[in-house]
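Novice: So the sequence shown is numbered by the working numbering: it starts at 549 and just counts up by one.
Every residue, glycine too, gets a C-beta built ideally from N, C-alpha and C.
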Amino acid sequence: MTETDRTSDRAQQQTGRDGGGPGGEALSFTHVTAGQRVLFGSGSAAAHLAAEVDRLGARSVMVIASERERALAGEVTAQVEVALWHTDVVMHVPVETAAAAREAAQAAGIDLVVCVGGGSTTGLAKAVALTGRQPIVAVPTTYAGSEATNVWGLTEDGRKTTGVDDAVLPVSVIYDASLTVTLPVEMSVASGLNGLAHCVDSLWAPRADPINAAMAAEGIRALSEGLPLIVDDPRSTAGRDLALYGAYLSAVAFSSAGSGLHHKICHVLGGTFDLPHAQTHAIVLPYVLAFNGPAAPAAEARAAQAFGAATALSGLDRLRDRVGAPRRLADLGFTAADIPVAVDIVLQNIPAGNPRTVTVEGLTALLHAALDGSDPADTSTITTTTTDLRTEE
Numbered sequence: 549m550t551e552t553d554r555t556s557d558r559a560q561q562q563t564g565r566d567g568g569g570p571g572g573e574a575l576s577f578t579h580v581t582a583g584q585r586v587l588f589g590s591g592s593a594a595a596h597l598a599a600e601v602d603r604l605g606a607r608s609v610m611v612i613a614s615e616r617e618r619a620l621a622g623e624v625t626a627q628v629e630v631a632l633w634h635t636d637v638v639m640h641v642p643v644e645t646a647a648a649a650r651e652a653a654q655a656a657g658i659d660l661v662v663c664v665g666g667g668s669t670t671g672l673a674k675a676v677a678l679t680g681r682q683p684i685v686a687v688p689t690t691y692a693g694s695e696a697t698n699v700w701g702l703t704e705d706g707r708k709t710t711g712v713d714d715a716v717l718p719v720s721v722i723y724d725a726s727l728t729v730t731l732p733v734e735m736s737v738a739s740g741l742n743g744l745a746h747c748v749d750s751l752w753a754p755r756a757d758p759i760n761a762a763m764a765a766e767g768i769r770a771l772s773e774g775l776p777l778i779v780d781d782p783r784s785t786a787g788r789d790l791a792l793y794g795a796y797l798s799a800v801a802f803s804s805a806g807s808g809l810h811h812k813i814c815h816v817l818g819g820t821f822d823l824p825h826a827q828t829h830a831i832v833l834p835y836v837l838a839f840n841g842p843a844a845p846a847a848e849a850r851a852a853q854a855f856g857a858a859t860a861l862s863g864l865d866r867l868r869d870r871v872g873a874p875r876r877l878a879d880l881g882f883t884a885a886d887i888p889v890a891v892d893i894v895l896q897n898i899p900a901g902n903p904r905t906v907t908v909e910g911l912t913a914l915l916h917a918a919l920d921g922s923d924p925a926d927t928s929t930i931t932t933t934t935t936d937l938r939t940e941e
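#1: Give the C-beta separation of A648 and D636 to the nearest angstrom, bearing in mind that I take them to be a contact with Cβ-Cβ under 8 Å.
#2: Could you work out which residue in Y691, P683, R707 is closest to I893 when comparing CA atoms only?
#3: Look up S720 in the DSSP assignment and say whether it is helix, strand or coil.
#4: Helix, strand or coil, according to DSSP, for P924 in the structure here?
#5: When DSSP builds the beta bridges, which residues end up paired with I612?
#6: Cα-Cα, which of A582, D713, V719, S803 is closest to L604?
#7: On the CB-based measure, 16 or more other CB atoms within 10 Å of its CB, does T927 come out buried or exposed?
#8: Since T820 is in the alpha helix (DSSP H), which residue starts that stretch and which ends it?
#9: As a quick exercise: from I759, S736, T730, pick the residue whose alpha carbon is nearest that of A873.
#10: Have a look at V871 and Q654 and give me their C-alpha separation to the nearest angstrom.
#11: Does DSSP put V699 in a helix, in a strand, or in coil?
#12: What are the partner residues of L587, as DSSP defines its beta bridges?
#13: Suppose the cutoff is 7 Å on Cβ atoms and the five residues either side in sequence are ignored; what does the same chain contact list for S590 look like?
#14: Using three-state DSSP, classify E704 as helix, strand or coil.
#15: In the DSSP assignment, the alpha helix (DSSP H) including I759 goes from what residue to what residue?
#16: Below 8 Å CB to CB, which residues in the same chain sit around L817 once its five sequence neighbours on both sides are set aside?
#17: Do G665 and S739 have their CB atoms nearer than 8 Å?
#18: Does the Cβ of I930 have 16 or more other Cβ atoms within 10 Å, making it buried, or fewer, making it exposed?
#19: For the segment 751-762 and the segment 677-692, state whether three or more C-beta atom pairs, one from each stretch, are separated by less than 8 Å.
#20: Report the residue from L575, A900, S804, V729 whose alpha carbon sits nearest the alpha carbon of G787.
#21: In three-state DSSP terms, what is I930?
#22: Name the DSSP beta bridge partners of A686, please?
#23: Go ahead and pull the three-state DSSP assignment for T785.
#24: One question on the structure: do H810 and A745 come within less than 8 Å of each other, judged by their Cβ atoms?
#25: Reducing DSSP to helix, strand and coil, say where T728 ends up.
#26: Quick check on this structure: which residue in E734, P834, A715 has the alpha carbon closest to the alpha carbon of G921?
#27: On the DSSP bridge assignment, give the partners of P642 in chain order.
#28: So, helix, strand or coil for T709, using DSSP?
#29: Please report how far the alpha carbon of V800 lies from the alpha carbon of E600, in whole angstroms.
#30: By DSSP, does P754 sit in helix, in strand, or in coil?
If you want it as C-alpha cells, here you go:
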C-alpha cells in the first residue's frame, strides 16, 4: 500500500475510527487483509513445518534461532534438512547483525527462512527477507506477534527505524503452545502484555477500522483470560493456547491499523536506550491508555467490555495486579535524564489522528509517571493546552 493510499484511507476511516459503525453512524472505511497461512496445534510444530517446507518446495533452508533456543529449534526442525543454522540474534536487530545474516543467506543460496523464537528472532528473519525476498515460515515461542505483521525494524546509531513491506510477512505461522511452556512466567507475562498493547493501540491507530477493532477486542479478551492461567500453572498449555491465539489476533489488528502512540514511544525507548522490548511495552501501556482513553470514548468502552470491567484502565490494572506485571521504567535502566531526549524523538513521530494532542509537557509527564510507576489514572489529567506538536506519518 502506498502513502497516497494510506492518506486516502485516513480520510475514509474517520467514521470507522473509535468504534463507529453498527448502532451508530454509517460505516465508511477501507480494510486490507494480508494473506497468511496459520497452523495451530500443541505438539504439532515439527510435522507442520515439514509439511510447509514440502508445500513451498524449498531446497535450501536457513533456520534462525538464538543460542538459548537452539535445542528447541532442533526439535522443531527434526523432520527438515537444514542447509544453514544462524544463531546470532540480537534485540532490536542492529543493522550489523542484519547484514551478517543476509550475507550468510546469500552465500548459502537460501530459498526459505525458518525462524524459531521470539520477536528478535522473527525480526532478524524479516531483515533477511527484506533484501533477499525469501519466504519466511515463523515458529513463535513467545507472544510478541511480530510473526503476523508485515512490519520490519532495524536499529542503527541509537535510532530504530521501522517500515512496511509485504515481503517480510511470513507466508506461514506455526503456533504450538508446547514450545512456550519453558518460557519463564515473568517473561510470559511481559510478552503477553506486549501483545495486549498491540490490541489497545490498534483501537486508535492511523488506519483503525471496525474490523481490526473487533480482532483487537477479542485479542484483549483472550490474553486477559490466558495470562492468569499461565501464572497459575506454567506447565499447562491451556493458558498458553489462549495467549498465542490472542497474540495472533493482536498482531493482525496491529498490522492492519498501523502503529499508534504507544508503539512510537516504545520504539524510541527500545531503539535509543536499548530497553527490553516486552517489558517496556508492558510498563508503558497503562499510561498511554489512561492518556488517550478519555479522548476516544467508544474505543475505551470496547476495550473495557473486552476486559470485562467498568473501564479499560481498571480492567488492565486488575490484570496487571493478577499477573505481577513489571511496573517501572527505572527498573529497566531508564532515567529522568533520558526523558528529554526521548520526548524530542517521539514528538517527531506522533501518528496522525491520535485521539489526544501530544505536547512536550504531556509526553514528559507521561514518561515521568512510567519511570516511577505512578498511578496510571493520574495520566488522564495531564494538561495538553499547549501547541499541538503532532506530525504526519
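Specialist: The relevant details are as follows:
#1: By 1-based counting over the sequence shown, the position of residue 648 is 100. By 1-based counting over the sequence shown, the position of residue 636 is 88. Yes, they are in contact, since the Cβ atoms of A648 and D636 sit about 6 Å apart, within 8 Å.
#2: Counted from its first residue, the sequence shown places residue 893 at position 345. For I893, the nearest C-alpha among the options comes from R707.
#3: Working through the sequence shown from its first residue, we reach residue 720 at position 172. Strand at S720.
#4: Position 376 of the sequence shown, counting from 1, holds the residue named residue 924. P924 falls in the helix class under three-state DSSP.
#5: In the sequence shown, counting from the first residue as 1, residue 612 sits at position 64. Its beta-bridge partners are H634, C663.
#6: The sequence position of residue 604 within the sequence shown is 56, counting from 1. Answer by Cα proximity: V719.
#7: In the sequence shown, residue 927 corresponds to position 379, counting from 1. With 16 or more other Cβ atoms within 10 Å, it is buried.
#8: To locate residue 820, count along the sequence shown from 1; it is residue 272. Element bounds for T820: 809-821.
#9: Your numbering for residue 873 matches position 325 in the sequence shown. Residue nearest to A873 within the set I759, S736, T730 is S736 (criterion: CA-CA distance).
#10: Walking along the sequence shown from the start, residue 871 turns up at place 323. Walking along the sequence shown from the start, residue 654 turns up at place 106. Distance between the alpha carbons of V871 and Q654: 44 Å.
#11: Residue numbering aside, residue 699 sits at position 151 when the sequence shown is read from its first letter. Note: V699 maps to strand in three-state DSSP.
#12: What you label residue 587 is simply residue 39 of the sequence shown in a count that begins at 1. The beta-bridge partner set that DSSP reports for L587 consists of I722.
#13: For the purposes of this step, residue 590 is identified with residue 42 of the sequence shown, where counting begins at 1. Non-local C-beta neighbours of S590 in its own chain, meaning closer than 7 Å and more than five positions away in sequence, comprise D724, A725, S726, T785, D789, ordered along the chain.
#14: Along the sequence shown, one-based indexing puts residue 704 at 156. Three-state result, E704: strand.
#15: Working through the sequence shown from its first residue, we reach residue 759 at position 211. Note, I759: alpha helix (DSSP H), 758-780.
#16: For the purposes of this step, residue 817 is taken as residue 269 along the sequence shown, with counting starting at 1. Within the same chain, L817 has close Cβ partners L823, T828, V832, L877, F882, A890.
#17: Within the sequence shown, the letter at position 117 stands for residue 665. Within the sequence shown, the letter at position 191 stands for residue 739. It is not a contact, given that the beta carbons lie outside the stated cut-off.
#18: The residue labelled residue 930 in the question sits at position 382 within the sequence shown. I930 is buried by the Cβ-count criterion.
#19: no
#20: Reading the sequence shown from its first residue, position 239 is the one you call residue 787. Nearest C-alpha to G787: V729.
#21: Residue numbering aside, residue 930 sits at position 382 when the sequence shown is read from its first letter. Three-state result, I930: coil.
#22: As a first step, residue 686 is located in the sequence shown; it is residue number 138 there, counting from the start. Answer is C663, V721, bridged to A686.
#23: In the sequence shown, counting from the first residue as 1, residue 785 sits at position 237. The answer is helix: DSSP assigns T785 an H, G or I state.
#24: Within the sequence shown, the letter at position 262 stands for residue 810. Within the sequence shown, the letter at position 197 stands for residue 745. Yes, the Cβ-Cβ distance between H810 and A745 is below 8 Å.
#25: By 1-based counting over the sequence shown, the position of residue 728 is 180. Here T728 sits in helix by DSSP.
#26: Residue mapping note: residue 921 aligns to position 373 of the sequence shown, counting from 1. Out of E734, P834, A715, P834 has the C-alpha closest to the C-alpha of G921.
#27: Within the sequence shown, numbered from 1, the residue matching residue 642 stands at position 94. For P642, which the question treats as bridged, DSSP gives the partners T703.
#28: Taking the first residue of the sequence shown as position 1, residue 709 is located at position 161. Under the three-state reduction of DSSP output, T709 falls in the strand class.
#29: Position 252 of the sequence shown, counting from 1, holds the residue named residue 800. Position 52 of the sequence shown, counting from 1, holds the residue named residue 600. If you draw a straight line from the Cα of V800 to the Cα of E600, it is about 21 Å long.
#30: Counted from its first residue, the sequence shown places residue 754 at position 206. It is coil, neither helix nor strand.
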